[in-house]
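Residue numbers (this note's numbering): 5 to 675.
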Amino acid sequence: MTEKSLNYARDLHSIENAEAHLQSAASILEAVPAIGEELADPTVAIAKKHLVIDSIFPHDVRNFFKLLCDNGDFELFNDIRTAYIESLKTVGEKVETAKLRYVTAPSDEQLAGIKRFLAKECGNDDIAIDLVQDASLKSGFILSVGTKEYDWSEQGRIEQFATKINQAVGVSAVDESILSILKTNVEDFNLQAQEKEVGIVSWVGDGIANVDGIDHAFYGEIVIFDCGVKGMVQDVRRDEIGVILFGRDTEIREGSKVVRTGKMAGLPVGNGFLGRIVDALGSPLDGNGEIKADGFRPVECPAPSIVDRQSVSQPMETGILSIDSMFPIGRGQRELIIGDRQTGKTSIATDTIINQKGKDVICVYVAIGQKASTIAKLVNTLRENGAMDYTIIVSATASDPAPLQYIAPYSGTALAEYFMYSGKDVLIVYDDLSKHAVAYRAISLLLERSPGREAYPGDVFYLHSRLLERSARITAEAGGGSITALPIIETQAGDLSAYIPTNVISITDGQIFLESELFNAGQRPAVNVGLSVSRVGGAAQTKAMKKAAGSIRIDLAQYREMEVFTQFSSDLDDATKMQLAHGRALMELLKQPLSRPFSMAEQVIILVAANAHIFSDVEISKLKKFRADMLEYFKAEHSAIISQLEASKDLTEDIKTSIVDAAQEFKKNQE
5 MTEKSLNYAR DLHSIENAEA HLQSAASILE AVPAIGEELA DPTVAIAKKH
55 LVIDSIFPHD VRNFFKLLCD NGDFELFNDI RTAYIESLKT VGEKVETAKL
105 RYVTAPSDEQ LAGIKRFLAK ECGNDDIAID LVQDASLKSG FILSVGTKEY
155 DWSEQGRIEQ FATKINQAVG VSAVDESILS ILKTNVEDFN LQAQEKEVGI
205 VSWVGDGIAN VDGIDHAFYG EIVIFDCGVK GMVQDVRRDE IGVILFGRDT
255 EIREGSKVVR TGKMAGLPVG NGFLGRIVDA LGSPLDGNGE IKADGFRPVE
305 CPAPSIVDRQ SVSQPMETGI LSIDSMFPIG RGQRELIIGD RQTGKTSIAT
355 DTIINQKGKD VICVYVAIGQ KASTIAKLVN TLRENGAMDY TIIVSATASD
405 PAPLQYIAPY SGTALAEYFM YSGKDVLIVY DDLSKHAVAY RAISLLLERS
455 PGREAYPGDV FYLHSRLLER SARITAEAGG GSITALPIIE TQAGDLSAYI
505 PTNVISITDG QIFLESELFN AGQRPAVNVG LSVSRVGGAA QTKAMKKAAG
555 SIRIDLAQYR EMEVFTQFSS DLDDATKMQL AHGRALMELL KQPLSRPFSM
605 AEQVIILVAA NAHIFSDVEI SKLKKFRADM LEYFKAEHSA IISQLEASKD
655 LTEDIKTSIV DAAQEFKKNQ E
């Protein structure tokens with residue numbers, strides 16, 4: 005029902021016996037549909053429409069119908085009639101009394117004026133006014149009628165004035181211009197009685213409130229409870245709305261007042277958020293004071309259109325050898341990190357953030373349902389490695405209500421989008437979307453939505469698809485930035501076929517599967533080479549890395565196959581022994597300590613040396629030290645090779661030969 009239809013319906017209250025006349029008109033239009041089509045047709049002359057109205061419809065509604073035709077709104081007739089009938093029910097059932105709270109009692113003349121206003125607004129001349137003295141208002145009055153509240157109190161006027169000033173100044177105004185803006189808007193400001201639609205809480209519990217009396221709320225609208233707690237409309241029913249609460253429900257009771265704001269959920273954004281820890285609503289949690297915002301973005305925002313996107317072509321280097329060589333990630337890609345608990349999923353995300361130092365990438369880490377101690381530990385790790393300067397932490401801990409956990413990833417994405425549309429490259433980590441789905445399931449069940457597979461609601465796929473589709477690399481015309489998403493999913497006993505894992509796998513552009521068996525065997529990061537894939541990252545991989553890592557996946561696959569056969573036979577030829585030694589060396593080289601990312605040049609040097617079998621005859625127990633010493637040797641004695649790789653990002657035959665010769669020289673010196 006549009007606001008225009010509701011306004012027309014209010015005008016009908018001034019027409020005597022309007023309901024009967026509308027019924028008569030509806031019968032005529034139903035019997036002869038061509039009349040309605042002609043009256044709604046913008047190509048038909050207005051004079052002809054007036055002639056039809058005068059000859060067919062009841063006398064009392066002719067002027068009203070002519071007004072509809074003049075405004076080109078006759079197609080709204082059915083909506084207007086429905087709205088009028090509903091308003092009659094409202095008048096009959098609810099609007100029998102009005103409540104006037106005041107400090108100084110109104111005079112008879114003022115009361116008469118209020119009654120005239122109520123008669124015009126509600127279409128009822130017999131509304132009784134309940135007079136209540138309320139000293140807390142200080143001055144002015146508040147008139148409550150039905151679901152509406154007209155606020156002319158001192159506090160209401162102050163709030164109205166503050167809103168006007170905030171809208172005028174804006175969050176991005178420069179300091180020099182604020183004074184002139186304030187002066188202009190104070191001079192132009194006209195106080196008006198605030199009309200509010202007010203509802204009453206009928207039930208509250210577990211972060212959910214059901215509200216009666218708000219008839220025109222829309223899905224996703226923010227409402228405010230009388231205790232100051234904000235909520236978001238998540239369920240619109242015939243007689244009430246379901247609201248999720250962005251705060252504790254301890255101060256909300258049955259009978260508490262709820263006021264519509266007419267606004268969607270949003271949060272402040274800006275460069276001031278870098279290095280800060282905030283909650284799902286953008287409020288600081290780190291005790292470092294208020295955050296200066298540069299703008300405001302809605303939490304829910306449409307994903308970039310196909311026209312605004314461009315293909316993934318630039319690498320997002322993680323610094324992790326096993327990922328950058330075999331499952332490369334590009335800027336604008338969505339790469340899922342999936343595995344059982346305690347397999348190193350968060351560690352991969354953390355190392356990737358640390359590796360972005362000096363690469364002009366903004367990082368956003370969204371913690372959903374994590375322990376506060378875990379988040380504190382992660383912040384310390386990032387701070388020790390100098391990564392907090394370009395990172396924002398959005399935290400919705402396990403102790404926060406489910407609605408805050410539900411909205412946290414959307415808030416984090418809104419922050420990321422601010423930088424993306426400013427031309428920046430952004431890396432966002434969602435840790436983890438399994439807990440996000442559980443929070444949404446809890447909300448949906450409390451809102452009495454029908455459960456489906458694993459008790460998740462039917463729209464749980466859309467929950468994650470609309471989130472992850474906001475990550476993209478956009479064209480220069482649209483802003484020129486990118487958002488690279490690393491969503492994390494926790495599996496149970498390695499089951500990739502569960503509901504949420506299969507959903508997110510189908511949404512993302514690849515997945516890195518971490519296996520418990522590999523982790524427990526000491527292979528860390530515990531990446532399963534067979535089940536992991538990157539669907540679009542290959543196009544973003546540098547030429548040097550692509551050439552250096554060309555056969556590594558095949559070599560590892562052959563090694564695993566041969567390793568199985570060695571359990572049955574000990575009689576092996578020299579070629580097989582060499583291949584097994586090469587495979588064992590590769591597996592050991594793919595092990596990497598925490599917070600020690602490799603640069604692209606270091607990774608290429610390691611892979612070229614490995615393909616030349618430099619590491620094959622080194623003892624496994626000494627291989628890590630050998631690798632570290634070799635990289636230090638390259639930095640000290642052959643820095644020109646590293647500079648060439650970083651400048652050209654290509655692996656020519658000359659550079660490849662130089663790397664092999666230098667590695668053999670180092671190995672000879674070690675012996």
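Even for Gly, the Cβ is constructed at its ideal location relative to N, Cα and C.
Spatial neighbours of L535 in its chain, beta-carbon cut-off 6 Å, leaving aside the 5 residues before and after: Taking the first residue of the sequence shown as position 1, residue 535 is located at position 531. If we look at L535 and ignore the five residues flanking it on each side, its Cβ neighbours are F517.
Touch check for the segment 508 to 517 and the segment 463 to 472: three-plus C-beta pairs under 8 Å? yes
Based on the DSSP output, what are the partners of K152 in its beta bridges? The residue you call residue 152 lines up with position 148 of the sequence shown. Beta-bridge pairing links K152 to V149, E201.
Going straight from the alpha carbon of S140 to that of V107, what length do you get? The residue labelled residue 140 in the question sits at position 136 within the sequence shown. The residue labelled residue 107 in the question sits at position 103 within the sequence shown. Approximately 8 Å between the Cα atoms of the pair.
Ordered along the chain, which non-local residues of its own chain (more than five positions away) have a Cβ less than 6 Å from that of E650? Locating residue 650 in the sequence shown gives position 646, where the first residue counts as 1. So the qualifying residues of the chain are A605.
Beta-carbon within less than 6 Å of K8's beta-carbon, same chain only, minus the 5 sequence neighbours each way: which residues are those? In the sequence shown, the residue the question calls residue 8 occupies position 4. Closer than 6 Å at Cβ, skipping near neighbours: no residue.
With burial defined as no fewer than 16 other Cβ atoms inside 10 Å of the residue's Cβ, what is the status of D112: buried or exposed? By one-based count along the sequence shown, residue 112 stands at place 108. Answer is exposed; the Cβ neighbour count stays below 16.
Excluding sequence positions up to five away, which residues of its chain have a Cβ less than 6 Å from the Cβ of V136? As a first step, residue 136 is located in the sequence shown; it is residue number 132 there, counting from the start. Counting only Cβ-Cβ distances below 6 Å, and skipping sequence neighbours, we find R105.
Using the Cα positions of K639 and D633, report the straight-line distance between them to the nearest angstrom. Residue mapping note: residue 639 aligns to position 635 of the sequence shown, counting from 1. Residue mapping note: residue 633 aligns to position 629 of the sequence shown, counting from 1. Taking the straight line from one Cα to the other gives about 10 Å.
For a test of the three-state rule: what should DSSP assign to C367, helix, strand or coil? Taking the sequence shown and counting its residues from 1, one reaches residue 367 at position 363. In this structure, C367 counts as strand in the three-state DSSP scheme.
Assigned secondary structure, Y425 (DSSP; H/G/I helix, E/B strand, else coil): Along the sequence shown, read from residue 1 onward, the residue named residue 425 stands at position 421. Three-state result, Y425: coil.
Cutting at 7 Å between CB atoms, please list the residues of its own chain near Y503, excluding the five before and the five after it. Translated into positions along the sequence shown, residue 503 becomes position 499. Around Y503: R457, E458, Y460.
Could you check where the beta strand (DSSP E) with E244 kicks off and where it finishes? What you label residue 244 is simply residue 240 of the sequence shown in a count that begins at 1. It spans 244 to 249 - the beta strand (DSSP E) in which E244 sits, taken as one unbroken run.
Tell me which residue opens and which closes the alpha helix (DSSP H) that M236 is part of. Translated into positions along the sequence shown, residue 236 becomes position 232. It is not in any alpha helix (DSSP H) - M236 instead sits in the beta strand (DSSP E) that spans 234 to 240.
DSSP state of P413 mapped onto helix, strand, coil: In the sequence shown, the residue the question calls residue 413 occupies position 409. It is helical.
What would DSSP say about S28, mapped onto helix, strand or coil? Translated into positions along the sequence shown, residue 28 becomes position 24. Correct three-state label for S28: helix.
Counting only the same chain and skipping the five closest in sequence on each side, list residues whose C-beta sits under 8 Å from that of T570. Walking along the sequence shown from the start, residue 570 turns up at place 566. Here the set comprises L576, L584.
Answer with buried or exposed for P455, where buried requires no fewer than 16 other C-beta atoms within 10 angstroms of its C-beta. In the sequence shown, the residue the question calls residue 455 occupies position 451. Exposed, since its Cβ has fewer than 16 Cβ neighbours within 10 Å.
Could you tell me how far apart the beta carbons of A589 and S620 are, in whole angstroms, since I believe they sit closer than 8 Å? By one-based count along the sequence shown, residue 589 stands at place 585. By one-based count along the sequence shown, residue 620 stands at place 616. Sure, about 5 Å apart at Cβ, within 8 Å.
To the nearest whole angstrom, what separates the beta carbons of I645 and I659, a pair I think is in contact under 8 Å? On the sequence shown, residue 645 is found 641 positions in, with the first residue counted as 1. On the sequence shown, residue 659 is found 655 positions in, with the first residue counted as 1. Their Cβ separation, rounded to whole angstroms, is 6 Å, which keeps I645 and I659 in contact under 8 Å.
Measuring only the C-alpha atoms, how far is R264 from A102? Numbered from 1 along the sequence shown, position 260 holds the residue referred to as residue 264. Numbered from 1 along the sequence shown, position 98 holds the residue referred to as residue 102. The alpha-carbon atoms of R264 and A102 are separated by roughly 19 Å.
Runs of alpha helix (DSSP H) wholly within the segment 435 to 513 (minimum 4 residues, chain order): 437 to 450, 464 to 472, 503 to 511
Check whether A284 and L249 have beta carbons under 8 Å apart: Residue mapping note: residue 284 aligns to position 280 of the sequence shown, counting from 1. Residue mapping note: residue 249 aligns to position 245 of the sequence shown, counting from 1. Contact flag unset, no.
Comparing the CB of D138 with every heavy atom of the ligand SAH, is any distance shorter than 7 Å? You won't find the ligand SAH in this model; it holds no ligand whatsoever.
For D138, which residues in the same chain have their Cβ closer than 6 Å to its Cβ, ignoring the five residues on either side in sequence? Along the sequence shown, read from residue 1 onward, the residue named residue 138 stands at position 134. Correct list, in chain order: R105.
By how many angstroms is the C-alpha of T546 removed from the C-alpha of N384? Here residue 384 refers to the residue found at position 380 when the sequence shown is read from its first residue. Here residue 546 refers to the residue found at position 542 when the sequence shown is read from its first residue. Using only the alpha carbons, I get a separation of about 32 Å.
Return yes when the Cβ of V368 is within less than 8 Å of the Cβ of A420, no when it is not. As a first step, residue 420 is located in the sequence shown; it is residue number 416 there, counting from the start. As a first step, residue 368 is located in the sequence shown; it is residue number 364 there, counting from the start. Cβ atoms of A420 and V368: closer than 8 Å.
Using a Cβ-Cβ cutoff of less than 6 Å, which residues in the same chain neighbour S181 once the five nearest sequence positions on both sides are dropped? Taking the sequence shown and counting its residues from 1, one reaches residue 181 at position 177. In this predicted model, S181 has a pLDDT of only 45, less than 50, meaning its place in the structure is not dependable enough to derive any value.
Determine the direct distance from the alpha carbon of T506 to that of G498, and round the result to whole angstroms. On the sequence shown, residue 498 is found 494 positions in, with the first residue counted as 1. On the sequence shown, residue 506 is found 502 positions in, with the first residue counted as 1. If you take the alpha carbons of G498 and T506, they lie about 12 Å apart.
Who are the near neighbours of N21 in its chain, counting only those whose CB is closer than 8 Å to its CB and skipping five residues on each side? Within the sequence shown, residue 21 is the residue found at index 17, counting from 1. Correct list, in chain order: D64.
Tell me the rounded alpha-carbon separation between L10 and R474. Mapped onto the sequence shown, residue 10 falls at position 6. Mapped onto the sequence shown, residue 474 falls at position 470. Roughly 35 Å between the two C-alpha positions.
If contacts are defined as beta-carbon pairs under 8 Å, then I295 and F277 qualify, I think. What distance do you get, rounded to the angstrom? Locating residue 295 in the sequence shown gives position 291, where the first residue counts as 1. Locating residue 277 in the sequence shown gives position 273, where the first residue counts as 1. 6 Å between Cβ atoms; contact.
According to DSSP, is M320 part of a helix, a strand, or is it coil? Counting from 1 along the sequence shown, the entry for residue 320 is found at position 316. If DSSP states are grouped into helix, strand and coil, M320 belongs with coil.
In angstroms with no decimal places, state the Cα-to-Cα distance between H220 and L522. Here residue 220 is taken as the residue at index 216 of the sequence shown, counted from 1. Here residue 522 is taken as the residue at index 518 of the sequence shown, counted from 1. Their backbone Cα atoms lie some 56 Å apart in a straight line.
Please state whether the Cβ-Cβ distance between V303 and S415 is less than 8 Å. The residue you call residue 303 lines up with position 299 of the sequence shown. The residue you call residue 415 lines up with position 411 of the sequence shown. In contact: V303 and S415 (Cβ atoms closer than 8 Å).
Buried or exposed: A402, going by 16 or more other Cβ atoms within 10 Å of its Cβ? As a working note, residue 402 is residue 398 in the sequence shown. Looking at its Cβ environment, which holds fewer than 16 other Cβ atoms inside 10 Å, A402 is exposed.
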